[in-house]
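Numbering (the numbering used here), first residue to last: 7 to 128.
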């Protein structure tokens, strides 16, 4: 099964990347973790996202499209990074997430969401 693994944004991540000793060590640990995922054949892709300040939202209402510029409120409702994995089941995904280094300098959350597969839509 394929899962999208989402790193929830924080106030720290919304300020943007600051190259400090702590964040550089965190990035090195994450690089090693990504290497483990790749070696296990789980990692399809993944990356960090720039702060919402650099983003745009497009709201749909019938035929109307409204574009809003970032930053967006409520960092806990935003995504700071993601992975796309292929795993045998959600339990395997949870086990891998539990091995992940903390993706933020402080408290953080990671959400795991299964993707729809062709069989789900038949």
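Glycine is no exception: its CB is placed at the ideal position from the N, C-alpha and C atoms.
8 Å Cβ cutoff met for residue 12 and residue 102 = In the chain shown, the residue the question calls residue 12 occupies position 6. In the chain shown, the residue the question calls residue 102 occupies position 96. No.
Check whether residue 58 and residue 87 have beta carbons under 8 Å apart = For the purposes of this step, residue 58 is taken as residue 52 along the chain shown, with counting starting at 1. For the purposes of this step, residue 87 is taken as residue 81 along the chain shown, with counting starting at 1. No. Outside cutoff.
Could you check how far apart the C-beta atoms of residue 10 and residue 84 are, in whole angstroms? I think they sit under 8 Å.
-> The residue labelled residue 10 in the question sits at position 4 within the chain shown. The residue labelled residue 84 in the question sits at position 78 within the chain shown. Their Cβ separation, rounded to whole angstroms, is 15 Å, which puts residue 10 and residue 84 out of contact at 8 Å.
On the premise that residue 50 lies in contact with residue 90, defined as a C-beta separation below 8 Å, what is that separation, rounded to the nearest angstrom?
-> Walking along the chain shown from the start, residue 90 turns up at place 84. Walking along the chain shown from the start, residue 50 turns up at place 44. The pair is a contact, with the Cβ atoms about 4 Å apart (cut-off 8 Å).
Residue nearest to residue 33 in terms of C-alpha spacing, selected from 118, 109, 115 | As a position in the chain shown, residue 33 is number 27, starting the count at 1. Residue 109 is the option with its Cα nearest to residue 33.
Using 10 angstroms around the beta-carbon of residue 19, count the other beta-carbons present and answer buried if the total reaches 16, otherwise exposed.
-> Walking along the chain shown from the start, residue 19 turns up at place 13. Buried.
In this structure, what does DSSP give as the bridge partners for residue 51?
-> If you number the chain shown from 1, residue 51 lands on position 45. In DSSP, residue 51 forms a bridge with 90.
According to DSSP, is residue 65 helix, strand or coil?
-> Counting from one through the chain shown, the residue named residue 65 turns up at place 59. Three-state DSSP puts residue 65 in a strand.
According to the neighbour-count rule (16 or more other Cβ atoms, all chains shown, within 10 Å of its Cβ), is residue 124 buried or exposed?
-> In the chain shown, the residue the question calls residue 124 occupies position 118. Residue 124 is exposed by the Cβ-count criterion.
Is the Cβ-Cβ distance between residue 111 and residue 14 less than 8 Å?
-> Here residue 111 refers to the residue found at position 105 of the chain shown. Here residue 14 refers to the residue found at position 8 of the chain shown. No, Cβ-Cβ distance for residue 111 and residue 14 is not below 8 Å.
So residue 30 is in the alpha helix (DSSP H); what residue range does that whole segment cover?
-> Taking the chain shown and counting its residues from 1, the one referred to as residue 30 is at position 24. 27 to 45 is the extent of the alpha helix (DSSP H) around residue 30.
Closest by C-alpha distance to residue 117, when choosing among 94, 104, 126 = Here residue 117 refers to the residue found at position 111 when the chain shown is read from its first residue. Nearest of 94, 104, 126 to residue 117, Cα basis: 104.
How many angstroms separate the CA atom of residue 66 from the CA atom of residue 38?
-> On the chain shown, position 60 is the one that residue 66 refers to. On the chain shown, position 32 is the one that residue 38 refers to. Approximately 40 Å, taken between the alpha carbons.
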